[in-house]
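Colleague: Please read through the structure below; I'll follow up with questions.
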Ligand code: ZN
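Numbering (my numbering), first residue to last: 21 to 180.
Shown next, in the form of structure tokens:
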């Protein structure tokens, strides 16, 4: 048994997932007529993210389409890409839950085991507190877009 080696391999795998999303981000671009949008900025790193949403007309509102663009570090851009993949097709309540879960993952209150898919690769970011804001920025920007608070900076995470 060499636990160190296996967790080393795992973190290499996660780094690969993050690099791949950064290199080839999903849902990167612009929507022609978004129903909601928000911009987020992380002054600690210089990350900037714009999130645009297309919502279904009938209740419950579903995120029919989501796009993001911006510039930032690989953690931020990969997180945005994974987020867009995760919430597309969800209704607003489900999206809010996904946001809360991701926040819990970053703040260490949610066990990474319950997170499925590529997003789990970001769990390792918790070991680098200064990068947590990079990973959270797209999600907080999405939250602002969902809540219709377009333009409100998403850098007012609690604890600051
Ligand atoms: Zn960053």
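Each residue gets a CB set at the ideal place from its N, CA and C atoms; glycine is no exception. Quantities reported herein were computed from a predicted structural model and do not represent experimental measurements.
1. Residue 60: beta carbon under 6 Å from a heavy atom of the ligand ZN?
2. Relative to the ligand ZN, is the shortest distance from any of its heavy atoms to the C-beta of residue 92 smaller than 6 Å?
3. Whose CA, out of 73, 125 and 48, lies closest to the CA of residue 55?
4. Can you tell me the Cβ-Cβ gap for residue 98 and residue 42, rounded? I've got them flagged as a contact below 8 Å.
5. Mind checking which residues open and close the alpha helix (DSSP H) that includes residue 114?
6. At what residues does the alpha helix (DSSP H) containing residue 106 begin and finish?
7. Going by DSSP in three states, residue 23 sits in which element: helix, strand or coil?
8. If I measure Cβ to Cβ from residue 118 and keep anything under 6 Å in the same chain, skipping five residues before and after, which residues do I get?
9. Could you check the C-alpha separation between residue 77 and residue 84 for me, to the nearest Å?
10. Assuming contact is defined by CB atoms lying nearer than 7 Å, are residue 71 and residue 138 in contact in what I supplied?
11. Express the C-alpha separation of residue 121 and residue 130 in angstroms, rounding to a whole number.
Modeller: Reading from the atomic positions:
1. no
2. yes
3. By alpha-carbon distance to residue 55, the top candidate from 73, 125 and 48 is 73.
4. 5 Å
5. 112 to 127
6. Where residue 106 is concerned, the enclosing alpha helix (DSSP H) starts and stops at 94 to 107.
7. Its pLDDT being 46, under 50, residue 23 is placed unreliably in this model, and the value from its coordinates should be taken loosely. The answer is helix: DSSP assigns residue 23 an H, G or I state.
8. 106 and 107
9. 10 Å
10. no
11. 7 Å
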